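From first to last, the protein sequence lines stand for chains A and B.
Per the UniProt record's numbering, the first sequence runs over residues 1 to 404.
Per the UniProt record's numbering, the second sequence runs over residues 1 to 404.
Cβ coordinates follow ideal geometry from the N, Cα and C atoms, glycine included.
Please read these numbers as outputs of a predicted model, since none were measured by experiment.
Number of protein chains: 2
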Amino acid sequence: MSTQSNISRRMSQSAVIQAIASFGPVSRASVAKITGLSKQTVSEIVGNLENEGWVREVGQTEGHIGRRAVVYEIAPSAASIASVDLGGTKVRVALCDLTGRVLAERVEPTEPTGGMDVVAQIARLVQAAASDAVGGVEKLHTAVVGVPGVPDPASGAILLAPNIAGIDQIDLAGALRDMLGVEVFVENDVNLAALGEHWLGSRGEGEDLVFISVGTGIGAGIVMGGQLLRGHSGAAGEIGFLPFGADPFEPESLSTGALERVAATEAIVGQYRALKGRELDVPGVFDAAADGDQAAIETLDAVARQIARAIAAMVAIVDPSVVVIGGSIGARTELLDRVRGCVAQCYPRPVTVEKSTLGDHAALAGGASIALSHLHISLFAEGQSGARIAVPPPAIADFKAGAS
Amino acid sequence: MSTQSNISRRMSQSAVIQAIASFGPVSRASVAKITGLSKQTVSEIVGNLENEGWVREVGQTEGHIGRRAVVYEIAPSAASIASVDLGGTKVRVALCDLTGRVLAERVEPTEPTGGMDVVAQIARLVQAAASDAVGGVEKLHTAVVGVPGVPDPASGAILLAPNIAGIDQIDLAGALRDMLGVEVFVENDVNLAALGEHWLGSRGEGEDLVFISVGTGIGAGIVMGGQLLRGHSGAAGEIGFLPFGADPFEPESLSTGALERVAATEAIVGQYRALKGRELDVPGVFDAAADGDQAAIETLDAVARQIARAIAAMVAIVDPSVVVIGGSIGARTELLDRVRGCVAQCYPRPVTVEKSTLGDHAALAGGASIALSHLHISLFAEGQSGARIAVPPPAIADFKAGAS
DNA sequence: CCTTTAGTTCGGTAACAGAACGAACTAAAG
DNA sequence: CTTTAGTTCGTTCTGTTACCGAACTAAAGG
Numbered sequence: 001m002s003t004q005s006n007i008s009r010r011m012s013q014s015a016v017i018q019a020i021a022s023f024g025p026v027s028r029a030s031v032a033k034i035t036g037l038s039k040q041t042v043s044e045i046v047g048n049l050e051n052e053g054w055v056r057e058v059g060q061t062e063g064h065i066g067r068r069a070v071v072y073e074i075a076p077s078a079a080s081i082a083s084v085d086l087g088g089t090k091v092r093v094a095l096c097d098l099t100g101r102v103l104a105e106r107v108e109p110t111e112p113t114g115g116m117d118v119v120a121q122i123a124r125l126v127q128a129a130a131s132d133a134v135g136g137v138e139k140l141h142t143a144v145v146g147v148p149g150v151p152d153p154a155s156g157a158i159l160l161a162p163n164i165a166g167i168d169q170i171d172l173a174g175a176l177r178d179m180l181g182v183e184v185f186v187e188n189d190v191n192l193a194a195l196g197e198h199w200l201g202s203r204g205e206g207e208d209l210v211f212i213s214v215g216t217g218i219g220a221g222i223v224m225g226g227q228l229l230r231g232h233s234g235a236a237g238e239i240g241f242l243p244f245g246a247d248p249f250e251p252e253s254l255s256t257g258a259l260e261r262v263a264a265t266e267a268i269v270g271q272y273r274a275l276k277g278r279e280l281d282v283p284g285v286f287d288a289a290a291d292g293d294q295a296a297i298e299t300l301d302a303v304a305r306q307i308a309r310a311i312a313a314m315v316a317i318v319d320p321s322v323v324v325i326g327g328s329i330g331a332r333t334e335l336l337d338r339v340r341g342c343v344a345q346c347y348p349r350p351v352t353v354e355k356s357t358l359g360d361h362a363a364l365a366g367g368a369s370i371a372l373s374h375l376h377i378s379l380f381a382e383g384q385s386g387a388r389i390a391v392p393p394p395a396i397a398d399f400k401a402g403a404s
Numbered sequence: 001m002s003t004q005s006n007i008s009r010r011m012s013q014s015a016v017i018q019a020i021a022s023f024g025p026v027s028r029a030s031v032a033k034i035t036g037l038s039k040q041t042v043s044e045i046v047g048n049l050e051n052e053g054w055v056r057e058v059g060q061t062e063g064h065i066g067r068r069a070v071v072y073e074i075a076p077s078a079a080s081i082a083s084v085d086l087g088g089t090k091v092r093v094a095l096c097d098l099t100g101r102v103l104a105e106r107v108e109p110t111e112p113t114g115g116m117d118v119v120a121q122i123a124r125l126v127q128a129a130a131s132d133a134v135g136g137v138e139k140l141h142t143a144v145v146g147v148p149g150v151p152d153p154a155s156g157a158i159l160l161a162p163n164i165a166g167i168d169q170i171d172l173a174g175a176l177r178d179m180l181g182v183e184v185f186v187e188n189d190v191n192l193a194a195l196g197e198h199w200l201g202s203r204g205e206g207e208d209l210v211f212i213s214v215g216t217g218i219g220a221g222i223v224m225g226g227q228l229l230r231g232h233s234g235a236a237g238e239i240g241f242l243p244f245g246a247d248p249f250e251p252e253s254l255s256t257g258a259l260e261r262v263a264a265t266e267a268i269v270g271q272y273r274a275l276k277g278r279e280l281d282v283p284g285v286f287d288a289a290a291d292g293d294q295a296a297i298e299t300l301d302a303v304a305r306q307i308a309r310a311i312a313a314m315v316a317i318v319d320p321s322v323v324v325i326g327g328s329i330g331a332r333t334e335l336l337d338r339v340r341g342c343v344a345q346c347y348p349r350p351v352t353v354e355k356s357t358l359g360d361h362a363a364l365a366g367g368a369s370i371a372l373s374h375l376h377i378s379l380f381a382e383g384q385s386g387a388r389i390a391v392p393p394p395a396i397a398d399f400k401a402g403a404s
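Spelled out as structure tokens, the structure:
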């Protein structure tokens, strides 16, 4: 924001922006009612915001008694943010406006050489997406990168990310910040997916959510009170190491993770091979099960039991109001039904297990929500201690709009 | 506080109080430096607070260059709070002043008839403790009750509390509020113990702590970012139902909890009986193990393995910086050593496991910290959205001072 | 015309920062 | 011992900012 305002002004300004963002097009008078501020104060603040381009007039009310009200909304193109999902095989970049709408999206295979090449690739994709959209790079304000590993806040390196070479040796956030010239935040991809499901699912702060992703590996993200639970070293939700499934006291479980050994891609392929003596990939096993192949059915049952135990463990420990399951394996309906059944058998209270609604866009959505939240805080609530701004989510269709 | 002040004033006032509370006896000038407010503002606020009795002059600095400074501290007796630990066998009540010092403590066997009789007993003990201390009941401001069950915020009843008859049928908080005429909060006792270990252990907001209590049953409390993790229905940390130990898919595990069946009092007694054919109570088994009884040693080893798995599960899911273990069984050193060893065998990263430093006072301490925090918020930060006031803990010796 | 709602102008109040100032003290020179 | 310089504490004063309530203007509908 323009100048150094007082704390009091900051709070009022933030309240006004939030009211306008949350309640669509509104008049100054309505904002006054919503925020509890006086009409005079609101008018002044809205005037400033309009001059600086953060909100814009969007029309007038009509057809009711009394003077027509001029209504305002957030000027979506006043700034933009980038959300990046860096996976082992693909890099996905979404450029979003202030309301969370996707303006442009880019996907590319991940640079196989890893390290700085990947960083350069991300920067290139972000800049390309930004020049697609009106406004370009100048309006870019924040970027959030989701990575398949544990970001170390001290060094900026990504730990436990075997799928991307050399990413544990460089300061990803710092390097990208230098290339793009904007604030960059790095976060675990499953954590972002959890946040994305929470945000676009229009779940309030009171709704606590656990997202569990089953694919090449198994991991979880936890959203409590509207905030990500990161843990002391950012490793919260690394449930591959939950001590069951395989014998947790076997030495091998220390390197791969006891649960991961029995509940991810390797486990499905391996168990089917053991039962049937034939090699099938994961979709193959699902197809075989659909055709009535007893070994495939047994394999899926076994995996579902392990996933159900993991869910039961998380419910016992953090008590979420909903568990969302996703990932290339977790999102399969056949598995979900089995998991639901097993959870009921091994946990005494009812547990709501839902399928991911966002699929491979979940992490992107979560990144967007973090970026927008940071943007709002840095613009309108700087210096406030416990500032936690909830940016209202766009419609799911709007979020995926830029996808081609 | 006296009248309706502006939000701005509230925040300043809260900052001043916190500075005085945190930095011991301080002068007005120092408070100005600490808070960043101007000397004028601080002077005015300190003056008000002194007039209203919240802070008091406590002496002068001496022996340094310049004018002597008058130093102030929180007036400890301006208000008091009560912390209650309601157990299946004992009720413990501590009355604390504003600094967290225990002014008086009372212990009694829990009224075996349960229900309203217990509520009346608590009220009587609180009032007795209050009249022991100078000031009496008039200054009592808040009471926090720790209960061995899950408080239902909607009804005020305590669910899953088999040890106290009829406590699931009444509104404990409401009834006590009516009897005492002060705000009453009810919280799970293990959660309070976790908070107590965190508070009196002088751990900062950044230090995430998991407290695990092993005794008649097994349970855990989770403190993240300085705040209790309660979960959607207040059942976070109910790890008795973690799906391992006994076969989680056995129907019996649904009622008792798979982990609880193998890692609490019953499990120790039962397993020793199975191995040796002889009945011993828990201390007996520990003694036997110390004397080299192989069956006893095996029993403890088995229990330690299960506790270690529970710890590993919690570390994998919430990633705390420290795990504290307590309860009548958990606090035994012999067990702790075994648990440490087992955790290292089944979890790949180092985990800090410490023994409870507060013993049976942990829940009382946690209750005091919650009550003081609420007291400060209601007095000095009312109407602030994300107000989370950290009341500095007293010395451990001060906290137990009232115990006779 | 009256009623209703939107938005602005104006005057008053509260909170705060910064400068100026007196008070109280130490240190050190004479 | 006296005097002076330097330091810190705390108050007083002044100007700025933010806010609110009330009065007012504007623009509708009936």
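Cβ neighbours of residue i in the same chain (closer than 6 angstroms, five flanking residues each side left out)
i: B/Ile17; result: Phe380
i: B/Ala129; result: Val93, Leu95, Ala104 and Arg106
i: A/Leu229; result: Ile222 and Ala236
i: A/Gln13; result: Ile45 and Phe380
i: A/Glu183; result: Thr142
i: B/Gly257; result: Gly240 and Phe241
Residue range of the beta strand (DSSP E) that includes residue i
i: A/Glu183; result: Glu183 to Asn188
i: A/Ile325; result: Val322 to Gly326
i: B/Gly59; result: Val55 to Gln60
i: B/Ala392; result: As written in the sequence, residue 392 of chain B is Pro, which differs from the Ala given in the question. Where B/Pro392 is concerned, there is no enclosing beta strand (DSSP E), given that its DSSP letter is neither H nor E.
i: B/Thr142; result: Leu140 to Val147
Interface residues of chain B facing residue i [CB-CB closer than 8 angstroms]
i: A/Met314; result: Ile317
Contact set between residue i and chain B, taken where Cβ atoms lie within less than 9 angstroms
i: A/Ile307; result: None at all; the shortest Cβ gap to chain B is about 11 angstroms.
i: A/Asp301; result: Within chain B, no residue comes near A/Asp301; the closest Cβ sits about 12 angstroms away, beyond 9 angstroms.
Where the alpha helix (DSSP H) through residue i begins and ends
i: B/Thr265; result: Thr265 to Lys276
i: B/His374; result: Ala362 to Phe380
i: B/Lys400; result: Ile396 to Lys400
i: B/Leu180; result: Leu172 to Leu180
Where residue i meets chain A, residues with beta-carbon distance less than 9 angstroms
i: B/Gly237; result: Ala316, Ile317, Val318 and Asp319
Burial state of residue i (16 or more Cβ within 10 Å)
i: B/Pro151; result: buried
i: B/Ala19; result: buried
i: B/Lys33; result: exposed
i: B/Gln306; result: buried
i: B/Phe211; result: buried
i: B/Asp291; result: exposed
i: A/Asn51; result: exposed
Contacts that residue i makes with chain A (C-beta to C-beta distance below 7 angstroms)
i: B/Ser233; result: Asp319
i: B/Met224; result: Leu229
Residues near residue i in its chain [Cβ-Cβ closer than 7 angstroms; skip 5 each side]
i: B/Gly270; result: none
i: B/Val137; result: Gln127, Ala130 and Ser131
i: A/Lys276; result: Ala295
i: A/Pro350; result: none
Within chain A, the residues that residue i reaches when beta carbons sit closer than 8 angstroms
i: B/Ile7; result: Ser8 and Met11
i: B/Met116; result: Correct list: empty, because the minimum Cβ distance to chain A is about 28 angstroms.
Same chain only: Cβ atoms within 8 angstroms of residue i, ignoring 5 sequence neighbours per side
i: A/Gly114; result: Ile164, Ala165, Gly166 and Ile167
i: A/Ser373; result: Arg388, Ile389, Ala390 and Val391
i: B/Gln4; result: Because the pLDDT at B/Gln4 is just 47, under 50, the model does not fix this residue reliably, and the value given afterwards should be weighed accordingly. So the list is empty, once near-sequence residues are dropped.
i: A/Gln121; result: Val91, Glu108, Thr110 and Glu111
i: A/Gly204; result: Gly226
Contact set between residue i and chain B, taken where Cβ atoms lie within less than 7 angstroms
i: A/Leu242; result: Ala313 and Ala316
i: A/Phe249; result: Gln345 and Cys346
Query raised in the report: Listed in chain order, which residues of the region 316-349 of chain A have Cβ atoms closer than 7 angstroms to some Cβ of chain B?
Result: Residues passing the 7 angstroms Cβ filter: Ala316, Ile317, Val318, Asp319, Pro320, Ser321, Gln345, Cys346, Tyr347 and Pro348.
Query raised in the report: Which of the residues in the region 191-216 of chain A, read from start to end, lie with their CB under 7 angstroms from any CB of chain B?
Result: Close to chain B, meaning a Cβ-Cβ distance shorter than 7 angstroms, are the following residues of the region 191-216 of chain A: Asp208.
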